[in-house]
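The sequence shown runs contiguously to residue 262 in our numbering. Just below is one structure, and these are the notes that go with it.
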Amino acid sequence: MDTARPIQARGDMEFARDGTEKLTPTYIKTLPIRTPWADGPVYVTQCPIQPGATYTYRFTIEDQEGTLRWHAHSKWLRATVYGTLVILPKLRSPYPFPKPRHEVPIILGEWWDRDIISVIRQALFTGAAPNVSDAYTINGQPGDLYRCSSKGTFKVSVNSGDTILLRVINAAFNQQLFFTIANHQLTVVEADAIYHKPFATRVIMLGPGQTTDVLLTANQQPTRYYMTVRAYASARSAPFDNTTMSYAKIVGNHVNFIL
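In structure tokens form, the structure reads like this:
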């Protein structure tokens with residue numbers, strides 16, 4: 004699972020990746036200028052980056068600001084090879100909303116107990132849809148409802164009363180996901196690198212590949228608040244009720260958001 008440090012850029016962006024699989028990354032919903040070949044599926048717009056090799060992408064993005072994502076565009080490697088792409092405002096240009104104290108990427112993903120390539124091979128062999136994932140994840144961890152979740156969870160501390168910006172990304176294959184934080188409101192300020200009029204909500208839903216930036220204010224009493232992700236499943240005959248959790252722990256004058 005690739006949930007590494009986000010790529011941040013203003014204008015020209017350069018990104019090099021050194022990997023162990025043949026792949027090319029694609030930058031979802033970006034509008035690169037005059038470099039269409041630098042974003043697309045393997046063997047269609049370019050040859051794959053060979054294992055252990057390095058390839059540098061350089062392209063210009065204009066009139067887009069906010070959160071997007073990139074993922075591998077080869078086979079089903081995009082199931083676990085992905086990350087955050089943050090397009091920052093131009094230098095000395097402020098956000099169109101109050102500046103947050105911190106910015107935290109939240110990547111919602113999936114996890115299969117089997118090798119992901121064998122999952123798609125089975126689907127192609129049988130002609131059926133690929134098996135659904137065995138768990139959903141928040142920043143690579145399925146949460147404390149699963150015994151396999153890591154004990155060393157990610158966390159960020161915020162002073163009581165401060166506001167942070169959560170850059171939420173749905174990296175799931177083909178699943179709409181709900182995201183919420185107990186007893187907190189989320190102020191939506193941007194979606195898919197487009198700012199819009201802020202509005203408050205308790206729950207956001209993201210389609211596959213969608214990104215949403217929300218402001219979260221640490222204004223609750225010291226205790227633990229769960230962050231929860233759950234799938235939208237409308238088929239009664241084939242329910243998928245899996246839920247993943249992280250939690251926010253408020254201690255004294257600090258809020259420790261632990262994923």
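Note that beta-carbon positions come from the ideal geometry of N, C-alpha and C, so glycine has one too. Remember, it's a predicted structure, so these values are computed and weren't measured experimentally.
Alpha carbon of residue i to alpha carbon of residue j, nearest angstrom
i      : j      : result
Gly112 : Ile141 : 6 angstroms
Phe100 : Ile90  : 16 angstroms
Val84  : Ile52  : 14 angstroms
Val135 : Tyr235 : 13 angstroms
Gly143 : Ala82  : 12 angstroms
Leu26  : Phe181 : 30 angstroms
Lys252 : Tyr228 : Confidence at Lys252 is low in this model, with a pLDDT of 49, below 50, so the placement of that residue is unreliable and no value is reported for it.
Lys200 : Asn222 : 22 angstroms
Ile197 : Thr29  : 19 angstroms
Ala7   : Gln224 : Any reading at Ala7 must be qualified, since the residue scores a pLDDT of 47, below 50, and its modelled position is unreliable; no value is offered.
Leu34  : His74  : 16 angstroms
Where the alpha helix (DSSP H) containing residue i begins and where it ends
i      : result
Ile123 : Ile119 to Thr129
Span of the beta strand (DSSP E) around residue i
i      : result
Leu219 : Thr214 to Thr220
Ala194 : Leu189 to Ala194
Val206 : Val206 to Leu209
Thr70  : Gly69 to Ala75
Gly55  : Run containing Gly55: none; DSSP gives neither H nor E here.
Tyr229 : Arg227 to Ala234
Leu94  : Leu94 -> no beta strand (DSSP E), and no H or E assigned at all.
Leu180 : Leu180 to Ile184
DSSP bridge partner residues for residue i (one or two, in chain order)
i      : result
Ile141 : Leu111 and Gln144
Glu106 : Leu168
Pro35  : Ile64
Residue i classed as buried or exposed, judged by whether at least 16 other C-beta atoms fall within 10 angstroms
i      : result
Gly210 : exposed
Pro54  : exposed
Leu88  : buried
Tyr178 : The amino acid occupying residue 178 in the given sequence is Gln; Tyr does not appear at that position. Buried: at least 16 other Cβ atoms inside 10 Å.
Residue i Cβ short of 8 angstroms to the ligand FAD heavy atom set
i      : result
Gln179 : For the structure depicted, the ligand FAD is absent and the ligand set is empty, with no information on it obtainable.
Report task. Would you check if there are 3 or more beta carbon pairs closer than 8 angstroms linking the segment 207–225 to the segment 163–174? Result -> Verdict: yes, contact present.
Query raised in the report: Using 8 angstroms as the threshold, is the segment 124–142 in touch with the segment 188–199, meaning 3 or more CB pairs across them?
Result: No: fewer than three Cβ pairs fall under 8 angstroms.
Query raised in the report: Counting pairs of beta carbons, one from the segment 65–74 and one from the segment 43–56, are three or more of them closer than 8 angstroms?
Result: As far as the Cβ criterion goes, the segment 65–74 does not touch the segment 43–56, which means the pair count is below three.
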